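Numbering (the working numbering), first residue to last: 26 to 371.
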């Protein structure tokens with residue numbers, strides 16, 4: 026695997042990726058000195074954000090890609106001094122040394138040179154692998170310390186750091202640590218999962234309990250020149266206040282928008298409640314009308330039954346009359362008719 030492929034990656038600049046978190050520590054508008062950027066995954070974002078970037082890189086293919094971005098590139102080995110001589114007299118508003126110090130024979134010498142290239146209160150943003158990572162320690166407990174193409178035991182790593190010895194190195198070279206941040210990675214998702222699983226449960230629990238940072242895969246440290254520490258803190262505080270104010274105003278805007286939306290929903294709810302009440306009243310009226318119709322239907326049914334009874338009585342009378350007429354026809358019309366008339370008159 027070439028160096029170019031090892032450090033060629035993509036990330037969301039506005040997300041929570043490790044590279045994005047590192048870049049958020051670069052002051053807005055600062056001229057940036059970037060050490061060992063490789064093919065420029067982070068450089069590309071810096072250029073897009075309007076930063077002027079000077080890169081120190083010795084991989085030829087990476088130098089070509091950086092040059093194509095419009096970046097000033099010094100094709101130099103950081104283990105040498107040519108890059109220091111070429112930058113003499115210049116000052117930068119931010120310095121990036123991300124995943125670089127572990128590749129250097131004498132990182133202390135480089136840090137001293139960087140202090141002389143930093144503008145007043147300018148931050149150096151450093152990231153290094155954490156050699157105290159629980160996965161690596163698990164391997165040591167099993168007698169394993171195998172280099173690989175990538176990861177904490179990248180075969181190009183010649184120096185190893187913990188938070189404590191990186192702090193000591195920075196202070197000894199004239200840098201005042203201002204901010205620490207960790208990139209946490211569960212051991213089960215790291216290249217050390219195979220040795221981690223070989224440990225007994227009690228051994229794993231002991232490693233976890235032994236350090237609050239057992240799963241810190243890399244450390245980020247932001248430092249400023251020791252002589253400018255007080256100024257840097259003031260500037261950092263001002264930036265933090267500005268950031269908090271921006272967040273506050275954004276939250277106020279969100280609150281106002283949500284409050285307006287809530288009022289609209291309350292209005293719609295009130296209107297819906299009125300509509301439901303009106304519909305309930307309509308349903309009640311319809312129920313009353315239906316009850317009245319059922320009552321009226323009962324009265325009509327009774328009247329119809331009564332009329333049916335009268336019709337049946339009339340039908341009986343008509344039948345009786347027909348029978349009488351038939352009898353008269355059989356007995357003679359005249360006498361019978363007279364008797365009938367007399368009977369009717371009585």
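Positions of the beta carbon are idealized from the N, C-alpha and C atoms, including for glycine.
Treat the numbers as computed from the prediction; the structure is a model and nothing was measured.
Segment limits, beta strand (DSSP E) that includes residue i
| i | result |
| --- | --- |
| residue 209 | 200-209 |
| residue 59 | 57-60 |
| residue 98 | 97-99 |
| residue 126 | Looking at the DSSP string, residue 126 is not in any beta strand (DSSP E), and its letter there is neither H nor E. |
Beta-carbon contacts of residue i that lie in its chain and below 7 Å, excluding the five residues immediately before and after
| i | result |
| --- | --- |
| residue 29 | With a pLDDT of only 43 at residue 29, under the threshold of 50, the placement of this residue in the model should not be trusted, and no figure is reported. |
| residue 44 | 36, 66, 67 |
| residue 158 | 177, 241, 242 |
| residue 104 | 129, 130 |
| residue 38 | 45, 48, 70 |
| residue 143 | 116, 117, 120, 149, 250 |
Nearest neighbour of residue i, chosen from the options [CA to CA]
| i | options | result |
| --- | --- | --- |
| residue 233 | 323, 310, 160 | 160 |
| residue 217 | 207, 240, 231 | 240 |
| residue 95 | 113, 72, 103, 82 | 72 |
| residue 119 | 303, 172, 147, 213 | 147 |
| residue 183 | 140, 130, 235 | 130 |
| residue 75 | 122, 57, 370 | 57 |
| residue 136 | 343, 78, 201 | 201 |
| residue 77 | 90, 53, 100 | 53 |
| residue 196 | 272, 293, 134 | 134 |
Chain B within 8 Å of residue i, Cβ atoms only
| i | result |
| --- | --- |
| residue 96 | Of the protein chains in this structure there is only one, and it is not chain B. |
Beta-carbon contacts of residue i that lie in its chain and below 8 Å, excluding the five residues immediately before and after
| i | result |
| --- | --- |
| residue 186 | 126, 127, 153, 154, 155, 156, 194, 244 |
| residue 304 | none |
| residue 40 | none |
| residue 315 | none |
Same chain, Cβ closer than 6 Å to residue i, neighbours up to 5 away in sequence not counted
| i | result |
| --- | --- |
| residue 42 | 36 |
| residue 50 | 150, 247 |
| residue 55 | 118, 119 |
| residue 215 | 160 |
| residue 317 | none |
| residue 17 | Outside the displayed span of the chain (26 to 371) sits residue 17, for which this structure offers no information. |
| residue 188 | 244 |
| residue 138 | 109 |
Run of the alpha helix (DSSP H) containing residue i, from where it starts to where it stops
| i | result |
| --- | --- |
| residue 107 | 107-111 |
| residue 131 | Here residue 131 belongs to no alpha helix (DSSP H), and DSSP marks it neither H nor E. |
| residue 195 | 188-197 |
Contact test: residue i Cβ vs the ligand NAP heavy atom, cutoff 7 Å
| i | result |
| --- | --- |
| residue 57 | In the structure on display, the ligand NAP does not appear, and there are no ligands present to speak of. |
Complete beta strand (DSSP E) runs within the segment 39-93 (minimum length 3 residues, chain order)
57-60, 78-81
Alpha helix (DSSP H) runs contained entirely in the segment 143-183, provided each spans 4 or more residues:
Fully contained in the segment 143-183 are the following alpha helix (DSSP H) runs of length 4 or more, in chain order: 159-166.
Touching or not, the segment 163-172 and the segment 213-227, by the rule of three or more beta carbon pairs under 8 Å?
A contact exists between the segment 163-172 and the segment 213-227.
Start-end ranges of the beta strand (DSSP E) lying completely within the segment 215-300, minimum 3 residues
Correct list: 241-250.
Three-pair Cβ contact test at 8 Å for the segment 195-214 versus the segment 110-118:
no
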